[in-house]
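First up is the structure itself, then whatever we jot down about it.
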Amino acid sequence: MNKPNKIIIHHSLTKDGKTVSWKAIRNYHRSKGWKDIGYHWGIELVGDEYEIFKGRNENEVGAHTKGQNSSSIGICLVGNFDIDEPPKAQLYKLIELIRDIWSRYGQLPVYMHNQFASYKSCPGKKFPYNWLLNELKSGENKEGNNDFKLAINKLAEKGVINSPDYWIKNDLYKTKYVRELIKKFANKIG
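Residue numbers for the sequence shown, in UniProt numbering: 1 to 190.
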């Protein structure tokens, strides 16, 4: 039985493309004799959008970090972040997933795999860990701020707007009413 007290971030160390490779990772893990994929969650590009994929049930012991599998939730971002930084859209999808996990378990601390296996670079030399922690922290302090950023990034992904940072940082869009309108519009276009 898994009793999560932390979240551990990984990368697949494989290039992500516009085809689903979460299934390939699952097949690889099963070929090693494992019951299922070792991670609880995954995030990868499907078509033009990042999607969250379910792996093992959160109450099942994972197979992703030696010595931590019975006390953690493992999330794998598909991509090789030794080469490139993860795209912001993928990182915001990660934040969305972490917040969802927090809604069930409270604010579990977030770690990188390499903090438990120093001989590895996972989730990659270019993974912006401090940025992620700051984004998670800033969202805690500003009601609806993270949802607004997610909405802006969704609109940018769909090509409705460009320059997401302009929208996020501009004082004109800091009123709660305007942010709620933008979030509702982003949800409507899916």
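Cβ atoms here follow ideal geometry from the backbone N, Cα and C, with glycine treated the same way.
> From what residue to what residue does the alpha helix (DSSP H) around Ile95 run?
Replying inline: 88-105
> Three-state secondary structure (DSSP) at Glu143?
Replying inline: With a pLDDT of 45 at Glu143, under the threshold of 50, the predicted position of this residue should be treated as unreliable, though the coordinate-derived value follows. Coil.
> With DSSP run on the structure shown, which of helix, strand or coil describes His40?
Replying inline: coil
> Are the region 115-130 and the region 159-169 touching by the rule of at least three beta carbon pairs closer than 8 Å?
Replying inline: no
>> Measuring straight from C-alpha to C-alpha, what distance separates Lys142 and Leu136?
In response: Summary for Lys142: the model assigns pLDDT 47, below 50, so the residue's position carries little reliability; its value from the coordinates is reported in the next sentence. Distance between the alpha carbons of Lys142 and Leu136 is about 10 Å.
> For Asn57, is the classification buried or exposed, using 16 other Cβ atoms within 10 angstroms of its Cβ as the cut-off for buried?
Replying inline: exposed
>> Could you pull the DSSP bridge partners for Cys76 from this structure?
In response: His10, Gly42
> Just to confirm, are Trp149 and Ile168 a CB contact at a threshold of 9 Å?
Replying inline: According to the sequence provided, residue 149 is Lys. The question's Trp does not apply to it. In contact: Lys149 and Ile168 (Cβ atoms closer than 9 Å).
>> Can you tell me whether Phe148 is helix, strand or coil according to DSSP?
In response: helix
> Does any CB atom of chain D fall closer than 9 Å to the CB of Tyr111?
Replying inline: Absent from the structure: chain D. Only one protein chain is present.
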